[in-house]
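Below is one structure, written out as structure tokens, with a few remarks after it.
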Amino acid sequence: MLQRYGGELPEVLRGGGGGTAPELAGHLAAEFRRAVTHEGAMTLSDVLVRRTRVSITAEHGGVDEAPRVAELLAPLLGWSSERVDDEVKRYRAEVERDRAALMSDGG
Numbered sequence: 662m663l664q665r666y667g668g669e670l671p672e673v674l675r676g677g678g679g680g681t682a683p684e685l686a687g688h689l690a691a692e693f694r695r696a697v698t699h700e701g702a703m704t705l706s707d708v709l710v711r712r713t714r715v716s717i718t719a720e721h722g723g724v725d726e727a728p729r730v731a732e733l734l735a736p737l738l739g740w741s742s743e744r745v746d747d748e749v750k751r752y753r754a755e756v757e758r759d760r761a762a763l764m765s766d767g768g
């Protein structure tokens with residue numbers, strides 16, 4: 662975490678609201694919240710791909726964890742349960758598309 666946040670780490674840790682989540686590549690719930698509250702993330706994909714990089718660090722791109730993260734973000738972004746489901750579907754499709762592209766490139 663120190664490498665990810667440097668001098669901002671104490672502030673991230675004060676964000677509270679959850680313990681470690683080893684199934685989420687070692688990220689804390691506070692990191693996902695911070696992506697929205699301090700970094701301007703507006704979608705599940707933005708949080709998991711660009712802000713935390715779970716899409717490349719977690720097994721299977723983090724698709725199994727996506728619903729849990731979306732539920733965590735929903736109150737912050739005012740998402741309905743339908744929006745949560747849509748965000749998860751979009752994220753899963755993005756991961757599948759990216760993985761398919763890697764495979765077609767000889768990956």
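Going by the numbering used here, the residue at position 75 of the sequence shown is 736; the numbering climbs one at a time, nothing skipped. The beta carbon of each residue, even a glycine, is placed where N, CA and C say it ideally should be. Note that the coordinates shown come from a computational prediction; the quantities given were computed from them, not determined experimentally.
In this structure, what does DSSP give as the bridge partners for residue i?
i, result
"HIS699", "None, per the DSSP bridge assignment."
Short of 7 Å in beta carbon distance, which residues of its chain neighbour residue i, apart from the five on each side in sequence? Order them along the chain.
i, result
"PRO728", "VAL749"
Mapping the DSSP letters down to three states, classify residue i as helix, strand or coil.
i, result
"VAL724", "coil"
"ARG714", "coil"
"SER770", "Only positions 662 to 768 of the chain appear in the structure, and residue 770 is not among them; the question remains open."
"ALA731", "helix"
"ALA762", "helix"
Which residues in the same chain as residue i place their Cβ atom closer than 8 Å to its Cβ, once the five residues preceding and following it in sequence are excluded?
i, result
"LEU763", "none"
Here's a check: name, in chain order, each residue in its chain whose Cβ is nearer than 6 Å to the Cβ of residue i, leaving out the five neighbours to either side.
i, result
"ALA761", "none"
Anyone know if the C-beta pair for residue i and residue j falls short of 7 Å?
i, j, result
"ALA735", "LEU705", "no"
Hey, is the segment 719–726 in contact with the segment 693–708, meaning 3+ C-beta pairs nearer than 8 Å?
As far as the Cβ criterion goes, the segment 719–726 does not touch the segment 693–708, which means the pair count is below three.
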